[in-house]
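Scroll down for the structure; my scribbles are underneath it.
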């Protein structure tokens, strides 16, 4: 979802940081995890340490959330920016690439995952 990365990049630019580029491998990881969280209705991080070995990245991070089905990208961004660990990922100069996954659970909630790499 380019809207999420676009929102991240607005906040990064305001902090004097370069924008994140979309990465297809990170997008795949994020979408698979969003699907998993929606299917199990469980908000939990995936094992990033287990994924990094299959990438060219030296560092990775992850932001996750769930909310009502009509949650906007800006509402997601506000939630993440109001959480210190999530904000740190969005504003980390160590990350240059990201991928986003969005899924919906049977009860209609949205589940989002952003995986960062650098």
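Residue numbers (my numbering): 127 to 244.
Beta carbons are placed, not taken as given, at the ideal position from N, Cα and C, and that holds for glycine.
Item to check | Nearest residue (CA-CA) to residue 192, options 139, 240, 179, 218 | outcome: For the purposes of this step, residue 192 is taken as the residue at position 66 of the chain shown. Taking only the C-alpha atoms, the option nearest residue 192 is 240.
Checklist entry - Could you give the distance in angstroms between the alpha-carbon of residue 127 and the alpha-carbon of residue 176? => result Your numbering for residue 127 matches position 1 in the chain shown. Your numbering for residue 176 matches position 50 in the chain shown. Reliability of the predicted coordinates at residue 127 is poor, the pLDDT of 46 falling under 50, and the value obtained from them is presented with this limitation in mind. When rounded, the distance between both Cα atoms is 24 Å.
Checklist entry - Among 187, 180, 194, which one has its Cα closest to the Cα of residue 232? => result Stepping through the chain shown from its first residue, residue 232 is reached at position 106. Ranking the options by Cα distance to residue 232, first place goes to 194.
Item to check | Bridge partners - residue 223, DSSP secondary structure assignment | outcome: The sequence position of residue 223 within the chain shown is 97, counting from 1. Answer is 147, 243.
Item to check | Local conformation of residue 127 per DSSP, three classes | outcome: Counted from its first residue, the chain shown places residue 127 at position 1. Note on residue 127: pLDDT 46, under 50, position unreliable in the model; the coordinate value appears next. Coil, per DSSP.
Item to check | residue 166 versus residue 227: straight-line alpha-carbon distance, rounded | outcome: As a working mapping, residue 166 is identified with position 40 in the chain shown. As a working mapping, residue 227 is identified with position 101 in the chain shown. Going by the C-alpha atoms only, they are around 15 Å apart.
Next on the checklist: What would DSSP say about residue 199, mapped onto helix, strand or coil?
Outcome noted: For the purposes of this step, residue 199 is identified with residue 73 of the chain shown, where counting begins at 1. When DSSP states are grouped into helix, strand and coil, residue 199 belongs to the helix group.
Item to check | Neighbourhood of residue 161 by C-beta distance below 6 Å, restricted to the same chain and skipping five residues each side | outcome: Along the chain shown, read from residue 1 onward, the residue named residue 161 stands at position 35. Within the same chain, Cβ atoms closer than 6 Å to the Cβ of residue 161 are found at 229, the five residues on either side in sequence being excluded.
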